[in-house]
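What follows is a set of notes on a single structure, which appears directly below.
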Ligand code: GLC
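Printed below as a string of structure tokens:
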């Protein structure tokens, strides 16, 4: 939103700048700072990753961390975990932690949140993203960004747009129809811009309809600036700009990259040359600098002081803002917020015969099996890596939760070779990360002694499992697999976990299983035998404690899946309709940077549960699924039409018929009664979460406007309200519908 006085001051300061000075502001001056103009008091903009906390400090122009103790930080639950809470309040407080700690570290922008649609369960960065559903993303990204931006710090919502895989991410060209773009891939960003008023946004590496996202005029100007009226800052992804003219005329403001030749960037000397030759208008640079100065005013990095000179001329300069929010570093309150989010991010997928909780009073001896029970994840994942002040593993959490009256025994159970860890400065090579990955893949396979160790660990765990009545297995993935720059090759559980889990369940059917992962894994080998299964994404520094509280029953699980859990890639819409991974690019092609690895999003809007429901494809657990230690009875669904509008108010009663106080997330879906060929069966259009005491009944209320009944038409290229009988579904998950009502539109 433009502020007239600000715009006048911006114009006055802009008028003071030379072309060289303006150009110095629109590209990296350091790896995580864009240029400033000391002559006029204009500082550099300081930014850093990422969605799970403020990343460690690097040398200004080397991918080497500064190595002090002052950049350890709060390590938040991943965006997948935050989304699994379905709790808007916790999204807000997570944003507050990010914003406060970014400010505390002197940042003006945190490069978060990542909200790309989880289209492909193989995508290495799924852990950094929220969901397969645009409505859930929109509802969680708004409070998260608001929380960040209350601290004189900007969010930087990313990666705009259609960034759905890591394989050849710089060369992937996404082709998709307008309806798919508008209904699935844009809404999260649209909510971030229009509702959360994000002050920062990052373009993507991949191409969309033939043009790289960070220099794509259709995305960055036609949609973002013209249609959505966005007047915030747009930064490229690091190394995502490949053409001076395209970038300068796209709507991009700042080019960031991974090499220290900052003056050779496309928007540096080459741009100056192009302007001198009249190929690019200086007005474009002025517009970029306006956006940069406006950004600086919004985060209170500067104020602009005007001075009337004796000759009547008005001069301008930037001055620091003395009372700018100082933020904090590792404040206890941040850790408390992180704990609260982690507690609601644990999803209970199964709990037959109420196997869980393992009450401490009934647990004298507890066996904990699995490398993931004892593994810290903070320092992995790529640019989301965090130098966490601490990280409570599940084993530590359980030891603390059960205390000294319970013998907590650990067995590693399976062996994990530490592979990716030996990629030094991966980000320096991140523009051609496939080469690095190829090296890694060559190293595959186990040595003879590793094979011996694998057998020893499994035999030990199984032998112990016979002696313990309470057993928890913690497995899943890690950031060797859930990592930026590469995709997984399958959903299979790695490191021989299937064999281990089956063998343990064979001798002890009452073992509970926990999957830690940022994306779906194949549990089919043992899922029917396991009585209790918990799932959590990388859940931050308090994740192990939160998991332990759920296992002991001191916290009642309330997480719900933010994505469907298919068993196999072949069951996914990408496998059925897409062309992933597509052909291998030649080295020659990649040198030209104009290689194209086209991925046609042929599945259209049928992403995630929209596909699985439409085509009756079975998944292990459905979108929105999550159990509790309580049970809930839904009744009294009422739907009232708002006079003269295509709008309805909806209310439903939910009673806690269990014996413990618990939180339930009531989900509202909308779909046609007679589902037409081109539409999903139903789509999430509302949800609310509340704590309900045993025996108590709570009323959940929702409002539906015509948007809830609209689809974007590829023919008219406009949103159109559907007509006819529409069903309003109320459920505890997308596949656990408790009541419905039909309305006529
Ligand atoms: C990375 C990521 C982006 C990150 C940026 C800076 O390659 O794609 O999410 O914020 O570069 O590290």
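Residue numbers (our numbering): -8 to 736.
C-beta: ideal position from N, C-alpha, C; glycine also.
Next on the checklist: Taking the beta strand (DSSP E) that residue 150 belongs to, which residues open and close that run?
Outcome noted: Looking up residue 150 in the chain shown gives position 159. Element bounds for residue 150: 148 to 151.
Checklist entry - Given that a residue counts as buried once 16 or more other Cβ atoms are within 10 Å of its Cβ, and exposed if not, what is residue 413? => result For the purposes of this step, residue 413 is taken as residue 422 along the chain shown, with counting starting at 1. For residue 413, the predicted model reports a pLDDT of 48, less than 50, meaning its position is unreliable; a value from the coordinates is still stated below. Label assigned to residue 413: exposed.
Item to check | Selection from 683, 374, 451 and 211 that minimises the alpha carbon distance to residue 401 | outcome: The residue given as residue 401 occupies position 410 in the chain shown. Looking only at 683, 374, 451 and 211, the smallest Cα-Cα distance to residue 401 is reached by 451.
Checklist entry - Should residue 203 be listed as close to the ligand GLC, given that the test is whether its C-beta is under 7 Å from any heavy atom? => result Sequence index remark: in the chain shown, residue 203 carries index 212 (1-based). Answer for residue 203: no, Cβ out of range of the ligand GLC.
Checklist entry - Going by the C-beta, is residue 25 closer than 7 Å to any heavy atom of the ligand GLC? => result Position 34 of the chain shown, counted from the first residue, corresponds to residue 25. The ligand GLC never approaches residue 25 closely enough for any of its heavy atoms to be under 7 Å from the residue's Cβ.
Checklist entry - From residue 167 to residue 210, what does the alpha carbon distance come to, in whole angstroms? => result Within the chain shown, numbered from 1, the residue matching residue 167 stands at position 176. Within the chain shown, numbered from 1, the residue matching residue 210 stands at position 219. Looking at the backbone, the Cα of residue 167 and that of residue 210 are separated by about 13 Å.
Checklist entry - Relative to the alpha-carbon of residue 498, which residue among 582, 328, 456 and 200 has its alpha-carbon at the smallest distance? => result Along the chain shown, read from residue 1 onward, the residue named residue 498 stands at position 507. Ranking the options by Cα distance to residue 498, first place goes to 456.
Checklist entry - Starting from residue 306 and walking both ways along the beta strand (DSSP E), at which residues does that stretch end? => result Taking the chain shown and counting its residues from 1, the one referred to as residue 306 is at position 315. Unbroken beta strand (DSSP E) run through residue 306: 305 to 310.
Checklist entry - Expressed to the nearest angstrom, what Euclidean distance is found between the alpha-carbon atoms of residue 113 and residue 477? => result Residue 113 sits at position 122 when you count from the first residue of the chain shown. Residue 477 sits at position 486 when you count from the first residue of the chain shown. Their Cα atoms are separated by approximately 9 Å.
Checklist entry - Is there contact here, the region 459 to 479 with the region 298 to 305, by at least three beta-carbon pairs under 8 Å? => result Taking 8 Å as the limit for Cβ pairs, the verdict is that the region 298 to 305 does not touch the region 459 to 479.
Checklist entry - Does the region 560 to 567 come close enough to the region 341 to 354 to have 3 or more Cβ pairs within less than 8 Å? => result No: fewer than three Cβ pairs fall under 8 Å.
Next on the checklist: Quick test of your reading: residue 573 and residue 588, contact by CB under 8 Å. State the CB separation rounded to the nearest angstrom.
Outcome noted: Translated into positions along the chain shown, residue 573 becomes position 582. Translated into positions along the chain shown, residue 588 becomes position 597. Indeed they touch by this definition, with Cβ atoms about 5 Å apart.
Checklist entry - Exposed or buried, what is residue 687 when buried is set at 16 or more other beta-carbons lying within 10 Å of its beta-carbon? => result Locating residue 687 in the chain shown gives position 696, where the first residue counts as 1. Here residue 687 is exposed, its C-beta having fewer than 16 other C-beta atoms within 10 Å.
Checklist entry - Mind checking residue 18: buried by the 16 CB within 10 Å criterion, or exposed? => result Counted from its first residue, the chain shown places residue 18 at position 27. Residue 18 comes out buried.
Checklist entry - Should residue 41 be counted as a contact of the ligand GLC given a C-beta to heavy atom distance under 7 Å? => result On the chain shown, residue 41 is found 50 positions in, with the first residue counted as 1. Yes, the Cβ of residue 41 comes within 7 Å of a heavy atom of the ligand GLC.
Checklist entry - By the 10 Å Cβ neighbour count, where 16 or more other Cβ atoms means buried, how is residue 276 classified, buried or exposed? => result As a working note, residue 276 is residue 285 in the chain shown. Buried.
Checklist entry - Does the ligand GLC have even one heavy atom less than 7 Å from the beta-carbon of residue 243? => result If you number the chain shown from 1, residue 243 lands on position 252. The answer is no for residue 243.
Next on the checklist: What would DSSP say about residue 523, mapped onto helix, strand or coil?
Outcome noted: Counting from 1 along the chain shown, the entry for residue 523 is found at position 532. Residue 523: strand per DSSP, three-state reduction.
Next on the checklist: Just list the residues that DSSP pairs residue 730 with in beta bridges.
Outcome noted: Walking along the chain shown from the start, residue 730 turns up at place 739. In the DSSP output, where bridge partners are listed per residue, residue 730 has 721.
Item to check | Terminal residues of the beta strand (DSSP E) in which residue 703 lies | outcome: Mapped onto the chain shown, residue 703 falls at position 712. Residues 701 to 703.
Checklist entry - Apart from the five residues just before and just after residue 241, which ones in its own chain have a Cβ nearer than 7 Å to its Cβ? => result Taking the first residue of the chain shown as 1, we reach residue 241 at position 250. Excluding its 5 nearest sequence neighbours in each direction, residue 241 has C-beta neighbours in its own chain below 7 Å: 206, 207, 208, 211 and 212, listed in chain order.
Item to check | Runs of beta strand (DSSP E) lying entirely within the region 374 to 411, each at least 3 residues, in chain order | outcome: You should have 398 to 402.
Next on the checklist: Can you tell me where the alpha helix (DSSP H) holding residue 333 begins and where it ends?
Outcome noted: Counted from its first residue, the chain shown places residue 333 at position 342. Where residue 333 is concerned, the enclosing alpha helix (DSSP H) stretches over 323 to 334.
Checklist entry - Do residue 62 and residue 378 have their C-beta atoms within less than 8 Å of each other? => result Residue numbering aside, residue 62 sits at position 71 when the chain shown is read from its first letter. Residue numbering aside, residue 378 sits at position 387 when the chain shown is read from its first letter. Yes, the pair counts as a contact, with Cβ atoms nearer than the cut-off.
Item to check | residue 475 CB to nearest heavy atom of the ligand GLC below 7 Å | outcome: Counting from one through the chain shown, the residue named residue 475 turns up at place 484. Within the cutoff, so yes.
Checklist entry - Between the C-alpha atoms of residue 185 and residue 288, what's the straight-line distance to the nearest angstrom? => result The count along the chain shown starts at 1 and reaches residue 185 at position 194. The count along the chain shown starts at 1 and reaches residue 288 at position 297. Looking at the two C-alpha atoms, the distance is approximately 19 Å.
Next on the checklist: Comparing C-alpha positions only, which one of 447, 356 and 640 sits nearest to residue 399?
Outcome noted: In the chain shown, counting from the first residue as 1, residue 399 sits at position 408. Of the candidates 447, 356 and 640, the one whose C-alpha sits nearest the C-alpha of residue 399 is 356.
Checklist entry - Three-state secondary structure (DSSP) at residue 271? => result What you label residue 271 is simply residue 280 of the chain shown in a count that begins at 1. It is coil, neither helix nor strand.
Next on the checklist: Distance check for residue 536 and residue 459, CA to CA, integer angstroms please.
Outcome noted: Here residue 459 corresponds to residue number 468 of the chain shown, with the count starting at 1. Here residue 536 corresponds to residue number 545 of the chain shown, with the count starting at 1. Cα-Cα distance, rounded: 22 Å.
Item to check | Alpha carbon of residue 235 to alpha carbon of residue 228, nearest angstrom | outcome: The residue given as residue 235 occupies position 244 in the chain shown. The residue given as residue 228 occupies position 237 in the chain shown. Near 15 Å, if we compare the C-alpha coordinates of residue 228 and residue 235.
Checklist entry - For residue 692, which option in 656, 643, 672 and 728 has the closest C-alpha, if you only look at C-alpha atoms? => result Position 701 of the chain shown holds residue 692. Among 656, 643, 672 and 728, the Cα nearest to that of residue 692 is on 643.
Item to check | First and last residue of the uninterrupted beta strand (DSSP E) at residue 505 | outcome: Stepping through the chain shown from its first residue, residue 505 is reached at position 514. Element bounds for residue 505: 503 to 507.
Checklist entry - So, residue 83 versus residue 554, is the Cβ gap smaller than 8 Å? => result Indexing the chain shown from 1 puts residue 83 at position 92. Indexing the chain shown from 1 puts residue 554 at position 563. No, these two residues do not count as a Cβ contact at 8 Å.
Next on the checklist: Quick check: the Cα distance between residue 224 and residue 121, rounded to an integer number of angstroms?
Outcome noted: Translated into the one-based positions of the chain shown, residue 224 becomes position 233. Translated into the one-based positions of the chain shown, residue 121 becomes position 130. Separation of residue 224 and residue 121 (C-alpha to C-alpha, rounded to the nearest whole angstrom) is 23 Å.
Next on the checklist: Considering only heavy atoms of the ligand GLC, does any lie closer than 7 Å to the CB of residue 102?
Outcome noted: Stepping through the chain shown from its first residue, residue 102 is reached at position 111. Set against 7 Å, the gap from the CB of residue 102 to the closest heavy atom of the ligand GLC is smaller.
Item to check | Runs of alpha helix (DSSP H) wholly within the region 192 to 260 (minimum 4 residues, chain order) | outcome: Listed in chain order, the complete alpha helix (DSSP H) runs (minimum 4 residues) inside the region 192 to 260 are 235 to 239.
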